[in-house]
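One structure is given below, encoded as structure tokens.
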Amino acid sequence: MLRKALFTTALSLSTLLAVSVQAAEVNVYSARQEGLIKPLLDDFTSQTGIKVNLVTGKANALLQRLRSEGRNSPADILITVDAGNLYAAKSAGVLQPITSPALDAAVPAAYRDPDGQWYALSMRARPIMYHKGKVDPSELSTYEALADPKWKGRICIRSSDNVYNQSMVASMIATLGEARTEAWAKGFVANFARPPQGGDRDQIKAAAAGQCDIAIANTYYLGGMLNSQEAKDREAAGEVGVFWPNQADRGVHVNVSGAGVTAASRNKTEAIKLLEFLVGDDAQKWYAEVNQEYPVKSGVAWSETLSAFGPYKADGVNMGQLGVHNAAAVRLMDRVGWK
Ligand code: FE
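Plus 405 on top of the position in the sequence shown (first one is 1) and you've got my numbering.
Structure (structure tokens):
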């Protein structure tokens with residue numbers, strides 16, 4: 406009888422991520438889609454014997470879930486994209502500080518939380534992309550210069566409700582201050598070829614199709630299109646060149662995907678082990694090859710596609726600053742009419 410009761414309890418509990426029936430496991434909430442994380446987690450399990458339970462969802466939904474679950478959350482790790490989202494998770498109190506010499510050695514200080522609450526796992530840049538037939542790279546220099554009336558009706562970029570653009574504007578506020586950034590944004594928005602619509606890939610496609618001459622988009626979208634199964638995507642991407650802006654001053658705007666251990670984690674040791682695995686050479690190489698993201702760890706080889714984009718100087722502003730200035734960036738974009 407007792408044995409049966411125990412068995413029933415174990416069964417019902419095992420349906421919840423909350424309780425580890427086995428000793429070694431780790432529960433992951435991931436805003437990255439399964440295909441972009443699961444193969445790595447499987448490698449981790451086969452190397453360490455630590456089981457990984459994966460829940461995927463949208464970044465905002467997962468953060469909301471962590472908040473409402475509070476101390477009872479089954480999650481040990483939150484994986485998400487964009488420093489703005491990582492900062493929001495820290496601010497919401499759903500992460501905890503950890504110490505790991507391996508993480509500190511692999512992840513440059515600008516790409517991790519000063520308190521150890523989150524660490525970048527991969528990087529992306531948001532450069533200027535241009536139609537090769539219509540723009541000569543010698544005409545390009547900085548993001549700031551895209552506010553010049555010369556670019557009127559020639560720029561495609563997605564809407565201001567997207568965190569990538571919020572972080573880009575936040576990085577400018579961090580360096581230039583709010584007044585200069587707002588003056589720039591006014592001119593920049595006035596040069597839009599169309600009201601913002603679609604995602605980053607759509608901006609690249611619009612530039613390729615002649616709807617605009619300049620597109621602002623994250624590098625992995627172009628990389629993905631260049632390696633697409635669809636000939637149409639490869640052709641469109643082939644029309645577009647990458648220009649690294651602000652190389653003589655602060656550098657191109659970069660952002661990260663990243664992760665942190667949750668405040669509620671019951672498997673902290675395993676969670677830290679998994680984070681360390683994700684910044685190891687093999688996992689870092691995988692990000693570059695499979696998703697055309699830059700490794701966050703130096704010395705790891707870039708994919709052929711990324712190498713072809715060429716080297717660049719990245720903005721050195723600490724990623725946390727993108728979160729600090731997020732609210733100001735959103736208000737500023739609203740004021741200048743960036744839809
Ligand atoms: Fe993306």
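Virtual Cβ for every residue (Gly too), placed ideally from N, Cα, C.
- Ala466 versus Ile482, Gly629, Ala436 and Asp481, residue with shortest Cα-Cα distance: Ala436
- Going by beta carbon distance, what residues of the same chain come within less than 8 Å of Leu468, once the five residues before and after it are set aside? Leu483, Thr485, Asn490, Ala493, Ala494, Ala497 and Val499
- Query: To which residues does DSSP link Val574 through a beta bridge?
  - Reply: Partner(s): none; Val574 has no beta bridge.
- Query: When the Cα atoms are used, what is the spatial distance from Gly715 to Ala664?
  - Reply: 27 Å
- Item | Tyr516, DSSP secondary structure in three states | helix
- Task: May I ask you to report which of helix, strand or coil DSSP gives Pro700?
- Result: strand
- Task: Taking Asn458 and Ala669 to be in contact with their CB atoms under 8 Å, please state how far apart those CB atoms are, rounded to whole angstroms.
- Result: Actually they do not touch by this definition, with Cβ atoms about 14 Å apart.
- Three-state secondary structure assigned by DSSP to Thr387: Outside the modelled stretch of the chain, which goes from 406 to 744, sits residue 387, for which no answer is possible.
- Task: List the endpoints of the continuous alpha helix (DSSP H) containing Ile609.
- Result: Asp605 to Ala613
- Query: Glu698 to Glu544, Cα distance in whole Å?
  - Reply: 27 Å
- Proximity test, Val486 beta-carbon vs the ligand FE heavy atom, cut-off 8 Å: yes
- Item | Buried versus exposed, by CB contacts within 10 Å (16 or more), Glu640 | With fewer than 16 other CB atoms across the displayed protein chains lying within 10 angstroms of its CB, Glu640 is exposed.
- Consult DSSP for Leu491 and reduce its assignment to one of helix, strand or coil. helix
- Pairwise C-alpha distance: Lys702 and Ala622: 23 Å
- Mind checking which residues open and close the beta strand (DSSP E) that includes Gly665? Val659 to Val666
- Query: When we look at the beta-carbon of Pro479 and count the other beta-carbons within 10 Å, is it buried (16 or more) or exposed?
  - Reply: buried
- Task: Just the C-alpha distance for Glu694 and Tyr717, rounded to the nearest angstrom, thanks.
- Result: 19 Å
- Message: Can you look up Gly628 in the DSSP assignment and give me helix, strand or coil?
- Response: helix
- Val568, DSSP secondary structure in three states: helix
- Can you say whether Asp541 is buried or exposed, counting buried as having 16 or more other CB atoms within 10 angstroms of its CB? exposed
- Message: Cutting at 6 Å between CB atoms, please list the residues of its own chain near Ala575, excluding the five before and the five after it.
- Response: These residues qualify, in order along the chain: Leu727, His730, Asn731 and Ala734.
- Task: Look at the alpha carbon of Pro502 and the alpha carbon of Ala612, and state the distance between them as a whole number of angstroms.
- Result: 43 Å
- Query: Which residues does DSSP pair with Val647 in a beta bridge?
  - Reply: Met534
- For Glu675, is the classification buried or exposed, using 16 other Cβ atoms within 10 angstroms of its Cβ as the cut-off for buried? buried
- At which residues does the beta strand (DSSP E) containing Asn458 begin and terminate? Lys456 to Thr461
- Task: Less than 8 Å between the CB atoms is what I'm expecting for Val657 and Ala530, so what's the real figure, rounded?
- Result: The beta carbons of Val657 and Ala530 sit about 5 Å from each other, so the pair counts as a contact at 8 Å.
- Query: For the alpha helix (DSSP H) that contains Ile562, what are its first and last residues?
  - Reply: Careful: Ile562 lies outside any alpha helix (DSSP H) and carries neither H nor E.
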